[in-house]
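A.B. asks: Numbering (my numbering), first residue to last: 932 to 1138.
In this text, a Cβ means the ideal position worked out from N, Cα and C, and glycines have one as well.
Fair warning: this is a prediction, and the values are worked out from it, not measured in the lab.
(1) Spatial neighbours of residue 1098 within its chain, please: C-beta separation below 8 Å, excluding the five flanking residues on both sides.
(2) So does the stretch 1118 to 1129 actually touch the stretch 1036 to 1048, counting three or more Cβ pairs closer than 8 Å?
(3) Does the distance from the CB of residue 1076 to the CB of residue 1070 come in under 8 Å?
(4) So which of 1000, 1022, 993 and 1024 has the shortest CA-CA distance to residue 1013?
(5) Check this for me: beta carbons of residue 1080 and residue 1126, under 8 Å apart or not?
(6) In this structure, does DSSP put residue 1080 in helix, strand or coil?
(7) Looking at the structure shown, is residue 999 part of a helix, part of a strand, or coil, going by DSSP?
(8) Taking just the CA atoms, how far does residue 1130 sit from residue 1109?
(9) Which whole-angstrom value describes the C-beta separation of residue 1027 and residue 1008, a residue pair presumed to lie in contact below a C-beta threshold of 8 Å?
(10) Would you please state the rounded distance, in angstroms, between the beta carbons of residue 975 and residue 984? I believe it to be under 8 Å.
(11) Short of 8 Å in beta carbon distance, which residues of its chain neighbour residue 962, apart from the five on each side in sequence? Order them along the chain.
(12) Which full runs of the alpha helix (DSSP H) of 4+ residues lie inside the stretch 1058 to 1116, going along the chain?
(13) State yes or no: is the C-beta of residue 973 within less than 8 Å of the C-beta of residue 998?
(14) Suppose the cutoff is 6 Å on Cβ atoms and the five residues either side in sequence are ignored; what does the same chain contact list for residue 977 look like?
(15) Looking at the unbroken beta strand (DSSP E) that takes in residue 958, where does it start and where does it end?
(16) Flag this pair as yes or no: are the beta carbons of residue 1136 and residue 1054 separated by less than 8 Å?
(17) Roughly how many whole angstroms lie between the Cα atoms of residue 1132 and residue 1138?
(18) What did DSSP end up calling residue 1023 once you bin it into helix, strand or coil?
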């Protein structure tokens, strides 16, 4: 197997350039979905900017570890999601937020297999979902706010940008295709696109 090289330098994770309001909406959903599953142990694939990690470590009793190929990000485990150096069924929950698209699509199923192997039960992932979105919300006093959003049909061919090898919504990567692949390895409890971040597609999974 060829060695995977890192794509992102830690300088990428600057506040204004990386952490927009839409990404903070995704952080909320990451934490909300994971904490709802009440895991005692978590493995996060990818270090990122540490927002998820810091909340878990500073505000819960969950035992947390992360894995990344980038040594300068100081992961707990140095390695690739293609070959996770942990025993079978070793953590309650594995999460991978905006990570799997950083590997070629022909490795997607291998990554899912490894994630399934090390998780005892639960998996939470998110993937990029390309598309121009129309959305609106309205609020009437005493009634719950109504939110509506939908993607404009447009499926261009994906071009590798140095980071993403593929994205949901691009030509050849329909949401139904991705769902079918994921369903080979997991039961899909829930999948959704956050209203405030239409670029991220969440999947809440169970072995």
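C.D. replies: The short version:
(1) So the list reads 1032, 1058, 1059, 1060, 1061, 1089 and 1104, once near-sequence residues are dropped.
(2) Contact check between the stretch 1118 to 1129 and the stretch 1036 to 1048: fewer than three CB pairs, one atom from each, fall below 8 Å, which does not count as touching.
(3) Yes, the Cβ-Cβ distance between residue 1076 and residue 1070 is below 8 Å.
(4) Of the listed residues, the one whose Cα sits closest to residue 1013 is 1000.
(5) Yes, these two residues count as a Cβ contact at 8 Å.
(6) Reduced to three states, the DSSP call for residue 1080 is strand.
(7) Note: residue 999 maps to strand in three-state DSSP.
(8) Going from the Cα of residue 1109 to the Cα of residue 1130 covers about 15 Å.
(9) Contact doesn't hold; Cβ gap of about 14 Å is too wide.
(10) At roughly 6 Å, the Cβ-Cβ gap stays under 8 Å, so residue 975 and residue 984 are in contact.
(11) Cβ within range, chain order: 983, 986 and 987.
(12) For the stretch 1058 to 1116, the full-length alpha helix (DSSP H) segments reaching 4 residues or more read 1106 to 1114 along the chain.
(13) Contact: no.
(14) Around residue 977: 999 and 1030.
(15) No beta strand (DSSP E) contains residue 958, which is instead part of the alpha helix (DSSP H) from 952 to 967.
(16) Cβ distance < 8 Å, so residue 1136 and residue 1054 count as in contact.
(17) Rounded to whole angstroms, residue 1132 to residue 1138 spans 19 Å at the Cα level.
(18) It is a strand residue.
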